[in-house]
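A short write-up of the structure that comes next.
There are 2 protein chains.
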Amino acid sequence: MTSPLDSIRIVLVATSHAGNIGAAARAMLTMGVTRLLLVDPLRFPHADAVARASGANAVLDRAQVVGTLDEAIAGCALALGLSARPREFAGRVLPIRAAAETAIAHADRGDVALVFGTEMSGLSNDQLARCGVVATIPTNPAYGSLNLAAAVQVACYELRVALTGDRVWQAPRFAPATTDEIAALDAHAERTLVDLRFLNPRLPRRLMPRLRRLFARAGLEKEEVNILRGILARIDETMRR
Amino acid sequence: MTSPLDSIRIVLVATSHAGNIGAAARAMLTMGVTRLLLVDPLRFPHADAVARASGANAVLDRAQVVGTLDEAIAGCALALGLSARPREFAGRVLPIRAAAETAIAHADRGDVALVFGTEMSGLSNDQLARCGVVATIPTNPAYGSLNLAAAVQVACYELRVALTGDRVWQAPRFAPATTDEIAALDAHAERTLVDLRFLNPRLPRRLMPRLRRLFARAGLEKEEVNILRGILARIDETMRR
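Here is the structure:
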């Protein structure tokens, strides 16, 4: 089964720290992105990369090492260059969310490269000019220094959300209580509260409306109504003793 | 100047690796989140934390170490617990994007905690039950193991985007060419192409419409029109020699 994420190439240019390559591989795989290209890395393969990949070795093992950026983006339908800092001659600059949507939109026309520069200074102006779109991650203006793998994580997260949306696991749904079960609970609670002399039927104030509002907002389940009525029944029995 | 991000507490529970604490501090500061609370960390303070914080020492220096999760979330208007794995008794489960919007929406009513569990197994069910909302990051179903600091990075990124949107730097805009300047360029290009015998005026095909379409799509600037007309003029001169 192929996914548009299979058309995505993550290109890391002249990475200094092998650990960052491993952490980037892990970040990619958590989002289902698996194709890693390394342009002239300082040290690779390296034990630090394996240590930080933490199980994403399949991505590291398949990583391709190439000599130039042009080789890494050859044949791509689109290359997006990541840049934190403003550049005077940048063309189209997109926030990473829109950039990821653009990447996914192009993925059926061929490979799409996301290109990341060095830890110290990012991509050069010449390297960035090889990319049709500049992508940038919104950051704190006073401290915009994302770790390389952290930037890869955010970018791949946005690619995944752009492709599949952000549906996530949900806790299992249990059977909801019916309206008559809830009405019976309300009535039971009212009787018990009167018996407890917590509720004065001649001066009821807003107690029952508030409880009903709380029950409604909670979206009670059948089992929860049973638990609450069990508690009320036990209070009733205790008072009768 | 206070920001709703100042109401955000990032709570890391029983973190094993001090390096992850430093990387989390860096991830936070890149997004303008500065309040870090550590519940019973295995090793802190620690040189690994400082090394990975990479300049975000202000966040580490201000980090509070507490003994229990309850202390860390005391007084919060809302606590959100991060969980990758499905839990049977979870209440409201939100993808991190909606969770971040909820967090920002609550930030004017008091502090809001985002709670992260251990590297190995996340939060326990009891710890998660202390949180009013479960937040989860969409991941690859086959490999959902985000590094702790990577999860903090994605969460803080979504907090920042929820607060400030994803406006990013743009390259400076230069003066756009006027319609008559573009029309003059079209006319000049057409003359030169005829002179070059690249364009046959009796059989023009779709050459000029295609060039006009390209120029229109590019959104030509004044200076670019001048450059293109300069090239055309040089071609004209060369042919006259």
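Going line by line, the protein sequences match chains A and B. If you read the first sequence in this note's numbering, its first letter stands for residue 22, the second for the next number, and so on. If you read the second sequence in this note's numbering, its first letter stands for residue 22, the second for the next number, and so on. Virtual Cβ for every residue (Gly too), placed ideally from N, Cα, C. Keep in mind that this is a model prediction, so the values were computed, not measured.
Put simply, the CB of R83(A) is far from chain B, with every gap to its CB atoms at 7 angstroms or more. Of the other Cβ atoms in all chains shown, 16 or more fall within 10 Å of the Cβ of E179(B); this residue is therefore buried.
In this structure, A70(B) places its C-beta atom within 7 angstroms of the C-beta atom of A39(B).
The Cβ-Cβ distance between S104(A) and V155(A) falls below 7 angstroms. Where L115(B) is concerned, the enclosing beta strand (DSSP E) starts and stops at R113 to P116. Within the DSSP secondary-structure output, G240(B) pairs in no beta bridge. Of the residues M229(A), S142(A), P230(A) and R227(A), the one whose Cα lies closest to the Cα of A35(A) is S142(A).
Using beta-carbon distances, N247(B) does not count as an interface residue toward chain A, since no partner is under 7 angstroms.
Secondary structure at C177(B): helix, using DSSP grouped into helix, strand and coil.
Leaving aside the five residues that flank R113(A) on each side, the residues in its chain whose CB is nearer than 6 angstroms to its CB run, in chain order, V154.
Along the stretch 33-55 of chain A, the positions whose C-beta sits under 7 angstroms from a C-beta of chain B are A44, R47, A48, L50, T51, M52 and G53, read in chain order. Interface annotation, P193(A): in contact with chain B, CB-CB separation under 7 angstroms. The three-state secondary structure of R130(A), taken from DSSP, is coil. For the pair A77(B) and M52(B), the Cα-to-Cα distance works out to about 11 angstroms. The way I'd put it, the stretch 187-200 of chain A doesn't touch the stretch 127-134 of chain A; fewer than three beta-carbon pairs between them come closer than 8 angstroms. Residues of chain B with a Cβ closer than 8 angstroms to the Cβ of A171(A) are, in chain order, A44, R47, A48, T51, A170, A171 and Q174.
The beta carbon of L228(A) lies closer than 6 angstroms to those of L220 in the same chain, with the five residues before and after it left out. Selection M49(A), Y164(A) and R212(A) evaluated against V173(A) yields M49(A) as nearest (Cα-Cα).
N161(A) has a beta carbon lying within less than 7 angstroms of a beta carbon in chain B. In this structure, the CA atom of R106(A) is about 57 angstroms from the CA atom of P230(A). In the DSSP assignment, the residues bridged to Q85(A) are L58(A). For the set T157(A), K243(A), D207(A) and V32(A), the Cα lying nearest the Cα of D187(B) is the one of T157(A). In chain B, no part has a C-beta under 8 angstroms from the C-beta of S145(A); the shortest such distance is about 16 angstroms. In the DSSP assignment, L33(B) is bridged to L59(B) and F137(B).
For T160(A), no beta strand (DSSP E) run applies, since DSSP gives it neither H nor E. Flagged as an interface residue toward chain A: P116(B), by a C-beta distance shorter than 7 angstroms. For V189(A), the nearest beta carbon of chain B is closer than 7 angstroms to its own beta carbon.
Taken atom to atom, the span from the alpha-carbon of A100(B) to that of I29(B) is near 10 angstroms. The closest CA to that of M260(B), considering only L63(B), A98(B), A119(B) and L217(B), is found on L217(B). With distances taken between CA atoms, G43(A) lies nearest to R83(A) out of R262(A), R83(A) and P25(A). Beta bridge pairing from DSSP links L235(A) with no other residue.
Taking every protein chain shown into account, the CB of V215(A) has fewer than 16 other CB atoms within 10 angstroms, so this residue is exposed. Counting only residues of its own chain and dropping the five nearest sequence neighbours on each side, G96(B) has a CB closer than 8 angstroms to the CB of G131 and D132.
Between N41(A) and I94(B), the alpha-carbon positions lie close to 33 angstroms from each other. About 5 angstroms separates the beta carbon of C177(B) from that of V54(B), a gap short enough to meet the 8 angstroms contact definition. L57(A) is positioned such that its CB atom lies closer than 7 angstroms to that of V80(A).
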